[in-house]
Amino acid sequence: MYNQRTKIKALLATEPLHTQVSVMGWVRNFRNNQFIALNDGSTIHTIQIVIELGSLSDDMIKRITVGSCIKAQGEVIPSMGKGQKIEIKAHAIEILGDCDAETFPIQPKKHSLEFLREKAHLRFRTNTFGAVFRIRHTLAYAIHKFFNDKGFVYMHTPIITASDAEGAGEMFRVTTLPIDGTAPKTEDGHIDFSKDFFGRSTNLTVSGQLEGELGAMAFSEIYTFGPTFRAENSNTTRHLAEFWMIEPEMAFYDLEDNADLAEEFIKYVIRYAMENNADDLAILAVRLEEEEKTLPQDKRSTMGLIEKLQFVVKNDFERLTYTQAIDILRDSTHNKKKKFQYPIDQWGIDLQSEHERYLVEKHFQKPVILTNYPAAIKAFYMRQDDHCAPDRQTVAAMDILAPGIGEIVGGSQREERLDKLTARMKSMGIPEQDLWWYLDTRRFGACVHAGFGLGFERLVQFVTGMGNIRDVIPFPRYPKSAEF
RNA sequence: GCCCCCUUAGCUCAGUUGGUUAGAGCGACGGACUGUUAAUCCGCAGGUCCUAGGUUCAAGUCCUAGAGGGGGCGCCA
Numbered sequence: 081m082y083n084q085r086t087k088i089k090a091l092l093a094t095e096p097l098h099t100q101v102s103v104m105g106w107v108r109n110f111r112n113n114q115f116i117a118l119n120d121g122s123t124i125h126t127i128q129i130v131i132e133l134g135s136l137s138d139d140m141i142k143r144i145t146v147g148s149c150i151k152a153q154g155e156v157i158p159s160m161g162k163g164q165k166i167e168i169k170a171h172a173i174e175i176l177g178d179c180d181a182e183t184f185p186i187q188p189k190k191h192s193l194e195f196l197r198e199k200a201h202l203r204f205r206t207n208t209f210g211a212v213f214r215i216r217h218t219l220a221y222a223i224h225k226f227f228n229d230k231g232f233v234y235m236h237t238p239i240i241t242a243s244d245a246e247g248a249g250e251m252f253r254v255t256t257l258p259i260d261g262t263a264p265k266t267e268d269g270h271i272d273f274s275k276d277f278f279g280r281s282t283n284l285t286v287s288g289q290l291e292g293e294l295g296a297m298a299f300s301e302i303y304t305f306g307p308t309f310r311a312e313n314s315n316t317t318r319h320l321a322e323f324w325m326i327e328p329e330m331a332f333y334d335l336e337d338n339a340d341l342a343e344e345f346i347k348y349v350i351r352y353a354m355e356n357n358a359d360d361l362a363i364l365a366v367r368l369e370e371e372e373k374t375l376p377q378d379k380r381s382t383m384g385l386i387e388k389l390q391f392v393v394k395n396d397f398e399r400l401t402y403t404q405a406i407d408i409l410r411d412s413t414h415n416k417k418k419k420f421q422y423p424i425d426q427w428g429i430d431l432q433s434e435h436e437r438y439l440v441e442k443h444f445q446k447p448v449i450l451t452n453y454p455a456a457i458k459a460f461y462m463r464q465d466d467h468c469a470p471d472r473q474t475v476a477a478m479d480i481l482a483p484g485i486g487e488i489v490g491g492s493q494r495e496e497r498l499d500k501l502t503a504r505m506k507s508m509g510i511p512e513q514d515l516w517w518y519l520d521t522r523r524f525g526a527c528v529h530a531g532f533g534l535g536f537e538r539l540v541q542f543v544t545g546m547g548n549i550r551d552v553i554p555f556p557r558y559p560k561s562a563e564f
């Protein structure tokens with residue numbers, strides 16, 4: 081058996097003094113021809129390998145370069161140096177993979193995130209990205225654990241979908257038809273998708289919600305966690321063309337139950353990451369602090385990363401309706417001094433990023449759950465509120481807004497009443513026949529139910545403090561970019 | 001899609017009003033030192049100043065177009 085190694089994380093945790101161990105990993109630094117800082121990705125920390133002077137040939141010394149992969153065998157001893165408690169006194173060093181220091185892009189120095197984004201295949205080997213992607217893993221695991229412990233069923237909704245009525249955004253077409261103009265055409269000149277692989281027009285999914293609702297109508301509580309695709313030409317620090325989304329869908333939940341679950345969920349996964357990735361978070365906190373030093377005073381956060389996460393975990397999210405939010409915004413001195421690019425003057429307008437940021441970052445300084453938006457600016461499947469003023473029809477929608485990220489969750493209580501739902505679809509121009517299967521749930525045992533969608537990368541952004549969403553997914557997909 | 005900014009050594013950046021041979025730090029490389037830890041000290045190499053055109057006696061510097069990168073906005077998660 082080849083792999084008789086000790087992981088560095090376990091080694092540092094157990095400190096098995098005076099035992100013989102074998103470690104494998106990548107050289108982060110090699111000082112004085114004597115001290116190797118070795119990292120194997122199991123932790124952000126390195127183990128120091130000490131080579132006795134003269135014990136290695138000059139040729140071997142030269143091959144121990146930053147980035148090279150080595151196997152080191154030796155005795156665990158208390159460190160004589162100041163930077164670490166234990167180290168390995170090497171008896172044998174084996175080069176597993178050479179690494180030319182002149183051409184290896186990751187140097188033992190600071191690099192910009194933009195530069196590392198272009199080296200996405202190697203950036204995992206840096207402290208920052210090592211920490212980000214270990215935390216990403218932990219959050220993914222915590223999500224499954226949270227829902228599993230509550231008895232939710234993990235449901236795999238399709239990635240290829242024929243439904244084009246969800247209205248969540250532009251879609252990527254999936255086809256095997258030729259794109260050189262020779263695709264079969266119908267009599268009226270359009271491409272004849274009945275000749276396509278699926279016998280109809282298909283796309284990559286923009287949401288698993290509608291299928292998720294079908295699951296909730298049988299299992300009571302389900303969640304999805306999978307890739308989602310939007311062909312929007314979005315060029316921002318918080319949008320991707322391919323991202324991962326968590327979409328729980330629950331029978332017998334109203335809007336308040338829905339908000340309760342979302343808040344509990346967010347707090348749970350953040351707490352889980354804080355408990356299991358404290359070292360990674362600590363280094364990201366330092367990174368963020370240094371990054372913010374370069375910003376003008378008024379652009380800096382009032383709290384450090386760890387402080388912010390603790391605050392979110394400990395405090396209730398602020399809950400208010402769209403109408404209350406409009407009142408706060410309209411009466412704010414910010415609005416009266418005309419500091420909003422889009423002034424708040426009437427009920428019914430959609431909130432802009434600047435308004436959401438004002439509420440979250442200035443007014444409440446904590447996550448905010450906004451509910452009961454005007455029906456006119458929300459999706460067809462959201463439940464229409466009863467007893468509304470005639471010109472102020474709202475729906476049981478909820479958005480959770482997080483400081484620095486904006487919308488992290490979008491959800492609603494779903495419209496379970498068939499007549500209301502079909503009337504709404506008709507007024508919005510959504511053909512019933514496309515969603516016959518969805519409407520069937522309202523025909524056969526419909527019940528009060530609700531759900532939400534949470535953008536996984538936005539959650540990872542929030543927890544890691546990374547400013548650009550392209551830095552929290554291993555290989556980001558966005559307009560003009562699908563390298564790796 | 002719209003608006004703004006940036007592009008100079010492997011990386012991060014200086015480069016004055018358009019003016020001689022384009023610089024620094026870090027990294028790499030060579031050496032010294034040998035309990036270092038962003039090691040230190042000495043030395044050395046390294047440039048299509050993003051590309052194409054233009055203005056000018058003279059362009060890294062000014063103008064136009066393009067490419068790439070970043071930020072803001074919209075769409076949303």
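Here the first sequence is numbered in the working numbering, starting from 81 and rising by one per residue.
We put the CB at the ideal spot given by N, CA and C, even for glycine.
Predicted model only: the values in this text are computed from it and were never measured.
What does the alpha-carbon distance come out to for the pair residue i and residue j?
| i | j | result |
| --- | --- | --- |
| HIS529 | ASP337 | 10 Å |
| GLU132 | THR206 | 27 Å |
| ASP178 | ALA311 | 41 Å |
| ARG410 | ASN283 | 41 Å |
| ILE173 | ILE363 | 30 Å |
| ASP340 | THR94 | 40 Å |
| PHE570 | LYS230 | For residue 570 there is no data in the structure shown, the boundaries of the chain being 81 and 564. |
| GLN153 | ALA482 | 48 Å |
| ALA298 | TYR221 | 25 Å |
| LYS347 | VAL393 | 5 Å |
| LYS169 | CYS149 | 18 Å |
| LEU565 | LYS162 | The structure shown does not extend to residue 565, since the chain spans only 81 to 564, so no value can be given for it. |
| GLU182 | MET160 | 32 Å |
With the cut-off set at 9 Å, would you say residue i and residue j are in Cβ contact?
| i | j | result |
| --- | --- | --- |
| GLY533 | MET325 | yes |
| ILE271 | LEU257 | yes |
| ASN415 | ILE429 | no |
| PRO328 | GLY306 | no |
| ILE127 | VAL103 | yes |
| PHE536 | ILE223 | yes |
| THR474 | TYR402 | yes |
| LYS388 | GLY545 | yes |
| PHE184 | GLY147 | yes |
| ARG214 | ASN112 | no |
| LEU118 | ILE166 | no |
| VAL543 | VAL233 | no |
| LEU335 | ALA476 | yes |
Can you tell which of the options has its C-alpha closest to the C-alpha of residue i?
| i | options | result |
| --- | --- | --- |
| TYR352 | ASP360, ARG280, THR218 and LEU335 | THR218 |
| MET478 | ASP466, CYS468, MET462 and ALA469 | MET462 |
| PRO470 | ALA455, THR308, PRO483 and LEU481 | ALA455 |
| GLU371 | ASP359, LEU385 and ASP360 | LEU385 |
| GLU344 | LYS458, LEU431, SER381 and PHE227 | PHE227 |
| GLN426 | TYR438, THR413, ILE408 and LEU439 | ILE408 |
| ASN548 | SER135, MET505 and PHE209 | PHE209 |
| HIS125 | ALA211, ASP268 and GLU250 | ALA211 |
| HIS467 | ASN452, PHE460 and ILE144 | ASN452 |
| ILE186 | LYS379, VAL107 and PHE397 | VAL107 |
| SER122 | GLU487, LYS87 and LEU368 | LYS87 |
| PHE273 | VAL254, GLN289, VAL286 and GLY288 | VAL254 |
Taking all protein chains shown into account, do 16 or more other C-beta atoms lie within 10 angstroms of the C-beta of residue i, making it buried, or fewer, making it exposed?
| i | result |
| --- | --- |
| ASN571 | An answer regarding residue 571 cannot be provided, because it is not within the stretch 81 to 564 covered by the chain. |
| ARG550 | buried |
| LEU515 | buried |
| HIS259 | Residue 259 is actually Ile in this sequence, not His. By the neighbour-count rule (16 or more Cβ atoms within 10 Å), ILE259 is not buried but exposed. |
| TYR82 | exposed |
| GLY330 | Just to set this straight, residue 330 is Met in the shown sequence, not Gly. Buried: at least 16 other Cβ atoms inside 10 Å. |
Relative to the ligand FAD, is the shortest distance from any of its heavy atoms to the C-beta of residue i smaller than 8 Å?
| i | result |
| --- | --- |
| LYS417 | This structure lacks the ligand FAD, and indeed carries no ligand of any kind. |
Handout entry: Every unbroken beta strand (DSSP E) inside the stretch 494-547 [3 residues or more]
Key = 529-535
Exercise for the section: Starting from the N-terminal side, write out each stretch of the alpha helix (DSSP H) that is 4 residues or longer and does not extend beyond the stretch 305-358. Expected result: 335-356
Practice task
Return the chain-ordered ranges of every alpha helix (DSSP H) run that is complete within the stretch 401-434 and spans a minimum of 4 residues.
Solution key: 402-411 and 413-416
Practice task
Jot down the residue ranges of each uninterrupted beta strand (DSSP E) in the stretch 124-173, minimum 3 residues, whole runs only, in chain order.
Solution key: 127-130 and 149-158
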